[in-house]
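Reading through the C-alpha cells given below for one structure.
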Amino acid sequence: MLNQENPEYDQKMSLKYQDKITEGELDICNEQELVSLKFIQNFDVQQLSIDRNLKTLIDLKSKTIKDLKFKVSPIVYTYLSPTDFSLIDMELENLEVLKLGENKLNNKSILNLSKFKQLRYLDLYKNFVDSNCVVNLTGLTQLGLCQCNLENINGLSANVNLEGLDVSINSIVDLTPLKHLVKLTYLNLSSLFISDISILQYLVNLKGLYLSDNTLYNLTPLQYLVQLTKLELRQMRQQTVDLSVLQYLTQLEQLNLSQNNNLDLSPLQYLVNLTMLDLSNCNLSNVPQLNNLVNLESLRLNNNYELNITQLYCPKLQLLYLSNCELRSVSTLKSICSLQYLDLGGNADIDITALQYLTNLTQLSLKQCNIISISVLRPLINLETLNLDTNNIFGTFIMHEFAI
2 MLNQENPEYD QKMSLKYQDK ITEGELDICN EQELVSLKFI QNFDVQQLSI DRNLKTLIDL
62 KSKTIKDLKF KVSPIVYTYL SPTDFSLIDM ELENLEVLKL GENKLNNKSI LNLSKFKQLR
122 YLDLYKNFVD SNCVVNLTGL TQLGLCQCNL ENINGLSANV NLEGLDVSIN SIVDLTPLKH
182 LVKLTYLNLS SLFISDISIL QYLVNLKGLY LSDNTLYNLT PLQYLVQLTK LELRQMRQQT
242 VDLSVLQYLT QLEQLNLSQN NNLDLSPLQY LVNLTMLDLS NCNLSNVPQL NNLVNLESLR
302 LNNNYELNIT QLYCPKLQLL YLSNCELRSV STLKSICSLQ YLDLGGNADI DITALQYLTN
362 LTQLSLKQCN IISISVLRPL INLETLNLDT NNIFGTFIMH EFAI
C-alpha cells in the first residue's frame, strides 16, 4: 500500500479522533479558521458550515455525508471511507489525494473519478477493480492497486506520469505495460506470478524496487537500474537466488534478502553505500563478506541458526539483530562501539561478558537467554530499555547487581 504523508494542513484549527462534536467546538469553528476534519464519525455534518477554509477531510464517516457540499474552499487531501459512493457527487474539483482502500468498490463505482482533473494520488488498496479503472486518470503520479485481484495491468500503459506504483499481491503475469512508465521511481511488484522482469531495464529512474515473493531466475535486467537505493528480494520462490547483478547497483542503501537459502553473498562487497541490510532467516553460517560495508548502520541476522559472527565488523553499525542464532559468545561485538540497539534474544546460555564494552547501547534484549547474572551490564549507563523476559534472574538480585 502506498504511503503518503499529510501535507501541511494541520497548522490551524482542526477537529479529529472524535465520535461527537460539541456545540462549543462548533462555535469555535465559526470564529477560527477550520482547516481539517479527521477521523470523525456519527455526527450531522449539516451542523457545520464548511464553505471557507477547510483544506483537509480525512476519514469522515457520516450518515449524511452525501448531503455535504463544499462551496468555496476545495479539499486538497482526502481519505474517505464511505459505505456508498454518493460522495463522488461532491464538488471537489481540486481534489489531489484520495485514499479508498477496503471499500468493496468496483470499476463502475468509481467511474466518475475522471472528473477530478487535479487528482495526483489514488490508493484503491483491496477493492474489486482492474487496471482499466484509471485509464482516464492520466495525471496520476501515485497509484496503489495492491491486493485488487488484478490479472493484468494493461490499463496502465497510458499513465505515463506515474512516479509511484504498487500492484503487489495480485495475479499479474506480464509486465509489458510498464515499458513506457519511465518516470517511475517507486515500484512494488511483490507477490505476483511474474518470471520475466526484462521490461524493467527501461525504468532507469527507479530508486525503490520491491520484487519479493516471486520466481525470478534471471535478475540481470536489474543491472541497468543504477539509481536504485532500495531493493527487496525477500522470500524468493526459486531454490537459489543469483545475486551477481548486485555488483552493478553500487548506489544501494537498503537491501532486503531475508528468507532466502543458498545465497552467495560475495557481491555484497561492492555495496559500500549500504546502510541497511536484512539477512534474517537465510540459513547462514558465517558473514565474512560484510566487512567491506563500512557505512552499514542496521543489520538483521536473526534466525540464522549456528551463525558464526567472529569475522563481523562494521564500524558504523547502530542496530544489530542476532536473536535465535545459537550464539555462545559475543566477544566479537566489543569492537563495535557504535551499537545502540542489540537483540540477542533466544540465544540460550550465551556468554554476555563482552557487552560491558558497548557503552552506547540504549536498547538491549536478552530474552530467553538463560541469564543468571547481569552484573556485567553495570557499565551500560546509557541503557534505556532492557528485556530480560524468560531468564533465571530473581528480581531482588537485579536490584543488588545494579546497585539500585
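Counting in this note's numbering, the sequence shown tops out at residue 405, every number present. The C-beta atom is built at its ideal place from N, Cα and C for all residues, glycine as well. Predicted model, so just to flag it, every value in this text is computed and none were measured.
CA-CA distance, I66 and G347?
-> Because I66 carries a pLDDT of 39, less than 50, the predicted location of this residue cannot be relied on, and the following value inherits that uncertainty. When rounded, the distance between both Cα atoms is 52 angstroms.
Proximity below 7 angstroms, CB of M277 to CB of N261 | no
Just the Cα atoms here: how many angstroms apart are V273 and T230?
-> 12 angstroms
Nonlocal neighbours in the same chain, by C-beta distance under 8 angstroms from L411, ignoring five residues either side = Since the first and last residues shown for the chain are 2 and 405, residue 411 lies out of range.
In the DSSP assignment, find the unbroken beta strand (DSSP E) run with G165 in it and report its ends.
-> Under the DSSP assignment, G165 falls in the beta strand (DSSP E) whose first and last residues are G165 to D167.
Mind reading off the beta-carbon distance from N371 to A349? Whole number of angstroms is fine, and I expect it under 8 angstroms.
-> Rounded, the Cβ-Cβ distance is 5 angstroms, consistent with contact.
The beta strand (DSSP E) with V98 in it runs from where to where?
-> V98 to K100
Which first and last residues belong to the beta strand (DSSP E) in which Y306 is found?
-> Per DSSP, Y306 belongs to no beta strand (DSSP E) and is neither H nor E.
Do L157 and L125 come within 7 angstroms of each other at the CB atom, strictly closer than that value?
-> no
Pull up the CB-CB distance for L340 and N325, whole angstroms please, since I reckon it's below 8 angstroms.
-> Wrong, their Cβ atoms sit about 19 angstroms apart, outside the cutoff.
Between the C-alpha atoms of L166 and L3, what's the straight-line distance to the nearest angstrom?
-> 8 angstroms
Pairwise C-alpha distance: N292 and Q319 | Between Q319 and N292, the C-alpha separation is close to 15 angstroms.
Limits of the unbroken beta strand (DSSP E) element including D131 = No beta strand (DSSP E) holds D131; DSSP gives it neither H nor E.
Report the partner residues of E233 according to the DSSP bridge assignment.
-> The secondary-structure analysis by DSSP pairs E233 across a beta bridge with Y211 and N257.
Test item: CB-CB of L244 and N215 under 7 angstroms = No. Outside cutoff.
Going straight from the alpha carbon of L365 to that of L253, what length do you get?
-> 28 angstroms
Between L323, Q255 and P316, which lies nearest to I337 when the distance is taken from Cα to Cα?
-> P316
Excluding five sequence neighbours on each side, which residues of the same chain lie with their C-beta closer than 7 angstroms to the C-beta of L220?
-> Excluding sequence neighbours, L220 sits near D243 and V246.
Determine the DSSP secondary structure at T333, reduced to helix, strand or coil.
-> Per DSSP, reduced to three states, the secondary structure at T333 is helical.
Straight-line Cα distance separating L182 from N133 = 16 angstroms
Are the beta-carbon atoms of L328 and I353 separated by less than 7 angstroms?
-> no
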